[in-house]
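Visitor:
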Amino acid sequence: MKKRVLIIYYSFTQQTRILIKNFAAGIEEKGAEVVLERLEPVQPYEFPFKTDLRLASVMVRTFLRRRAEIHEISQACYGEWDRIVLAGPTWSYHPSGPVLDFLARFGESVCRGKEVSVFISCRSYWRLHYWSLRIALKRFGSFPTAPIIYVHPIKEPYRLIGLILQLRGKMIRRENSWFRKHYPGYGHNKSQLEDAYQKGLSVGAEITSKSEDAD
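Numbering-wise (my numbering), the sequence shown opens with residue -15 and increments by one.
1) Can you tell me the Cα-Cα spacing of Phe90 and Trp65, whole angstroms?
2) Report the rounded CA-to-CA distance for Arg67 versus Asn160, giving the unit in angstroms.
3) Could you give the distance in angstroms between the alpha-carbon of Tyr77 and the alpha-carbon of Tyr114?
4) In this structure, what does DSSP give as the bridge partners for Arg(-12)?
5) What residue does the beta strand (DSSP E) around Ile132 start on, and which one ends it?
6) When DSSP labels each residue in this structure, what does Val44 get in the three-state scheme?
7) Indicate the three-state DSSP secondary structure (helix, strand or coil) for Gly10 in the structure shown.
8) Could you give the DSSP three-state label for Arg158: helix, strand or coil?
9) For the alpha helix (DSSP H) that contains Pro82, what are its first and last residues?
10) Suppose contacts are defined by Cβ-Cβ distances below 7 Å. Is Leu87 in contact with Val102 by that definition?
11) Please state whether DSSP places Val100 in a helix, a strand or coil.
12) Which of the three DSSP states, helix, strand or coil, is assigned to Tyr62?
13) Less than 7 Å separating the beta-carbons of Pro32 and Arg152?
14) If we count the other Cβ atoms within 10 Å of its Cβ and call it buried at 16 or more, is Gln176 buried or exposed?
15) My assumption, with CB atoms under 8 Å, is that Leu(-10) sits in contact with Cys106. Please give the rounded CB distance.
16) Gly72 and Tyr(-6) look like a contact to me (Cβ under 8 Å); what is the Cβ gap, rounded to whole Å?
17) Ile200 to Thr0, Cα distance in whole Å?
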């Protein structure tokens, strides 16, 4: 039977989404079926944020691990999976509000007894995010695998400044500006997208090889 992978993800600025798209393509290349489940907040975050206060408010709530209620996940998520991937960005050292809500309401019923890979897109400081998910997954009776981490490639402090400008909709567009010489663009680069595809190939090969070993 074809191996099956469920990828549950939340993507705010679409950086997680584009990585996951390439990652899923790699898994499918090895013959496994991939099902994508995007977490959708009941009250979506505004983007870009209209004021600094609104942006700061979201950052503080996430730092305090406040959940953001999501819509019900599809019934397909409760099926049998050879691997589950839980993906999303790091916000203020922690998983995003929608991912926290998924864990609280659906995490145990979906992930119990399954191998789960944590997939993180972040500016930096991903370790607390990963450790908290690992602890939760073990509590559910899941089996966490090695994490898959992608850090925005620009150096600090330009990485932080660029993130704030992007979230506020004030990114400097002039290609010849002083800032853009240090910060060519927001998010992940082509090399990281290719790496996500290669990691998908590795995961797909790992899953399908288990089937062959069992035979």
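Idealized CB from N, CA, C, for every residue including glycine.
Guide: In terms of the structure at hand:
1) Along the sequence shown, one-based indexing puts residue 90 at 106. Along the sequence shown, one-based indexing puts residue 65 at 81. Between the C-alpha atoms of Phe90 and Trp65 there is a straight-line separation of about 15 Å.
2) Taking the sequence shown and counting its residues from 1, one reaches residue 67 at position 83. Taking the sequence shown and counting its residues from 1, one reaches residue 160 at position 176. Here the C-alpha atom of Arg67 lies approximately 45 Å from the C-alpha atom of Asn160.
3) What you label residue 77 is simply residue 93 of the sequence shown in a count that begins at 1. What you label residue 114 is simply residue 130 of the sequence shown in a count that begins at 1. When the Cα atoms are used, Tyr77 and Tyr114 turn out to be separated by approximately 9 Å.
4) As a working mapping, residue -12 is identified with position 4 in the sequence shown. According to DSSP, Arg(-12) bridges with Glu17.
5) In the sequence shown, the residue the question calls residue 132 occupies position 148. Bounds of the beta strand (DSSP E) holding Ile132 are 132 to 135.
6) On the sequence shown, residue 44 is found 60 positions in, with the first residue counted as 1. Helix, per DSSP.
7) Your numbering for residue 10 matches position 26 in the sequence shown. It is helical.
8) Start at 1 with the first residue of the sequence shown, and residue 158 comes out as number 174. Residue state, collapsed to three classes: coil.
9) Position 98 of the sequence shown holds residue 82. Where Pro82 is concerned, the enclosing alpha helix (DSSP H) starts and stops at 81 to 86.
10) As a first step, residue 87 must be located in the sequence shown, where it is residue number 103. As a first step, residue 102 must be located in the sequence shown, where it is residue number 118. No.
11) Taking the sequence shown and counting its residues from 1, one reaches residue 100 at position 116. In the displayed model, Val100 falls within a strand according to three-state DSSP.
12) Along the sequence shown, one-based indexing puts residue 62 at 78. Secondary structure of Tyr62 (DSSP, three-state): helix.
13) Counted from its first residue, the sequence shown places residue 32 at position 48. Counted from its first residue, the sequence shown places residue 152 at position 168. Pro32 is a Cβ neighbour of Arg152, given a cutoff of 7 Å.
14) Here residue 176 corresponds to residue number 192 of the sequence shown, with the count starting at 1. Here Gln176 is buried, its C-beta having at least 16 other C-beta atoms within 10 Å.
15) Against the sequence shown, residue -10 aligns to sequence position 6. Against the sequence shown, residue 106 aligns to sequence position 122. Going by Cβ atoms, the distance from Leu(-10) to Cys106 rounds to 22 Å, so no, they are not a contact pair.
16) Numbered from 1 along the sequence shown, position 88 holds the residue referred to as residue 72. Numbered from 1 along the sequence shown, position 10 holds the residue referred to as residue -6. Correct: roughly 4 Å between the Cβ atoms.
17) The structure shown does not extend to residue 200, since the chain is modelled only from -15 through 199, so no value can be given for it.
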